[in-house]
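> Mind looking over this structure? Questions follow.
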Amino acid sequence: MSLKNLPFLKFSPLTQRRLRKFTQNSRAYWSGWIFAGLMLLITFTPFIANDKPLFVLWNQKPYFPTLVNYSEVTFGGDFETTTNYRDPYVQKLIQAHGFILWPLIPYGYDTVNYDLPSPAPSPPSFQNWLGTDDQGRDVLARLLYGFRVSIFFGLLLTFSTALLGVLMGSIQGYFGGKIDLVTQRFIEIWSGLPILYLLIILSSLVDPNFWWLLGLMMLFKWTTLVGVVRAEFLRARNLDYVRSARALGVPSFLIMGRHILPNAMVATLTYLPFVLNTSIAILTSLDFLGFGLPAGSPSLGEILAQGKNNLHAPWLAFTGFLSVTILLALITFIGEGVRDAFDPRKVM
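Residue numbers are given in our numbering: position 45 of the sequence shown equals residue 1255, and the series is strictly consecutive.
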């Protein structure tokens, strides 16, 4: 069953045609499903890879350590601190009066495996499916959390920059004149700044974190969509229906939002997957160079850096390269499908 045949989804004929165009592109269609599955996977990553059990039954009482922090005293231990469920002593206490249900991957992104069969970085094994890095941390767990951070960062950056870019582009294109002239000159200067070098300099001055990097990159990325939106508003502001609305006294911002913006969003939507692709690539580059997220944070760039620093452990380089390549390729294929679906020149 296709999306348009679902009873609770009522699409217009134009939207149905665009959906058909997208699904006819098999590469984009299957990339969309794979990316949706990846989104579902990273949403539940804490329940898939974690050094805390999913469920503990002790003295006939249920506990959910992945959701709630319990002290060791809760399970008959000696300390009030948070329970270390990987401690053999704690495991014996729990198993004496109940049982433990572990996630599929019993490691968090920062869990150090002290029971490795060989010095870290150790090769893939049944214990660590993709091996460990040079600090004994499970690579698969860090990969899943790295996907989670990269995709969420890219989505937040894409939507925040899209909102600001659409706002600035619509104001420029609709009002024109001095507003357009001054703003366009500012954007030309702002876009000419070496973004990567500025990010590296600022990252060396402050301790970067997720939100700090997001806000800083948003300051430089918002100009991406301004040109597209501005061109659509410049074209549409002199059309008859817009001039008629002006003559009737309709407020400018109502004309912009109700009559012009829907048409401008068609071109904007085709750019969003490529903006997402660039956002993830920039974060990966900063993490690879050591100017991104704080040390120890899970990221795709950090896995690539591990592969560069440990050439004798090729599984690290292969994992980093393939993960980044597959993720960026999926988003690119989806972007191509969206672009073709919104292209009026494409035949059915």
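Beta carbons: idealized from backbone N, C-alpha and C, even for Gly.
Only a predicted model underlies this, so the values are computations on that prediction, with no experimental measurement involved.
Could you compute how far the alpha carbon of residue 1399 sits from the alpha carbon of residue 1274?
Distance between the alpha carbons of residue 1399 and residue 1274 is about 54 Å.
> Apart from the five residues just before and just after residue 1301, which ones in its own chain have a Cβ nearer than 8 Å to its Cβ?
So the qualifying residues of the chain are 1295 and 1310.
> Taking one C-beta from the region 1511-1520 and one from the region 1340-1352 each time, how about it: are there three or more such pairs within less than 8 Å?
Touching, yes.
> Does the region 1494-1509 come within contact of the region 1407-1418, defined as at least 3 CB pairs closer than 8 Å?
Contact between the region 1494-1509 and the region 1407-1418 is present, because at least three Cβ pairs lie under 8 Å.
> To the nearest angstrom, how far is the alpha carbon of residue 1361 from that of residue 1482?
Each residue's Cα considered, the two are about 14 Å apart.
> Taking only three categories from DSSP, how would you classify residue 1356?
Correct three-state label for residue 1356: helix.
> What's the gap between the Cα of residue 1211 and the Cα of residue 1475?
Any answer about residue 1211 is weak, because its pLDDT of 46 lies below 50 and its placement is not dependable; what the coordinates show is given next. When rounded, the distance between both Cα atoms is 28 Å.
> Going by Cα to Cα distance, which pick from 1531, 1334, 1459 and 1358 is closest to residue 1246?
If we check each option's Cα against that of residue 1246, 1358 comes out closest.
> Using a Cβ-Cβ cutoff of less than 7 Å, which residues in the same chain neighbour residue 1440 once the five nearest sequence positions on both sides are dropped?
The answer, listed in chain order, is 1379, 1382 and 1383.
> I'd like to confirm the pairing. Which residues does DSSP put opposite residue 1347 in its beta bridges?
In the DSSP output, where bridge partners are listed per residue, residue 1347 has 1322.
> Per DSSP, which residues does residue 1273 bridge with? Please list them.
Paired residue(s): 1266.
> Where does residue 1532 land, buried or exposed, given buried means 16+ other C-beta within 10 angstroms?
With fewer than 16 other Cβ atoms within 10 Å, it is exposed.
> Around the C-beta of residue 1541, are 16 or more other C-beta atoms found within 10 angstroms, so that it is buried, or is it exposed?
By the neighbour-count rule (16 or more Cβ atoms within 10 Å), residue 1541 is buried.
> Sort 1254, 1228 and 1261 by Cα distance to residue 1320 and report the nearest one.
That would be 1261, whose Cα lies nearest to the Cα of residue 1320.
> Counting only the same chain and skipping the five closest in sequence on each side, list residues whose C-beta sits under 6 Å from that of residue 1538.
Excluding residues within five positions, the ones whose Cβ falls inside 6 Å are 1487.
> Relative to the C-alpha of residue 1339, which candidate in 1316, 1329 and 1345 has its C-alpha closest?
Closest by alpha carbon: 1316.
> Could you spell out where the alpha helix (DSSP H) holding residue 1528 opens and where it closes?
Residue 1528 -> alpha helix (DSSP H) spans 1524-1551.
> Give the DSSP bridge partners of residue 1559, in chain order.
Only positions 1211 to 1558 of the chain appear in this structure, which leaves residue 1559 out of reach.
> Considering only residues of the same chain and omitting the five flanking positions on each side of residue 1527, which have a CB-CB separation below 6 Å?
1517, listed in sequence order.
> With DSSP as the reference, identify every bridge partner of residue 1410, one or two as the case may be.
BP columns for residue 1410 are empty, so no partner.
> What residues in its chain sit with their C-beta under 7 Å from that of residue 1551, if we drop five residues either side in the sequence?
For residue 1551, where only same-chain residues beyond five positions count, the Cβ hits under 7 Å are 1228, 1231 and 1232.
> Exposed or buried, which one is residue 1268 when buried takes at least 16 other CB atoms within 10 Å?
Its Cβ being crowded by 16 or more others within 10 Å, residue 1268 is buried.
> Between which two residues does the alpha helix (DSSP H) carrying residue 1416 extend?
No alpha helix (DSSP H) holds residue 1416; DSSP gives it neither H nor E.
> Looking at C-alpha atoms only, which residue of 1258, 1237, 1444 and 1364 is the closest neighbour of residue 1312?
The shortest C-alpha separation from residue 1312 is found at 1258.
> According to DSSP, simplified to helix, strand and coil, what is residue 1236?
Three-state result, residue 1236: helix.
> Beta-carbon within less than 7 Å of residue 1446's beta-carbon, same chain only, minus the 5 sequence neighbours each way: which residues are those?
Excluding residues within five positions, the ones whose Cβ falls inside 7 Å are 1452, 1470 and 1473.
> Which word fits residue 1493, buried or exposed, when buried means at least 16 other C-beta atoms lie within 10 angstroms of its C-beta?
By the 10 Å Cβ count, residue 1493 comes out buried.
> Please report whether the beta-carbon of residue 1493 lies at a distance below 8 Å from any beta-carbon of chain B.
Given the protein chain composition of this structure (a single chain), no chain B is represented.
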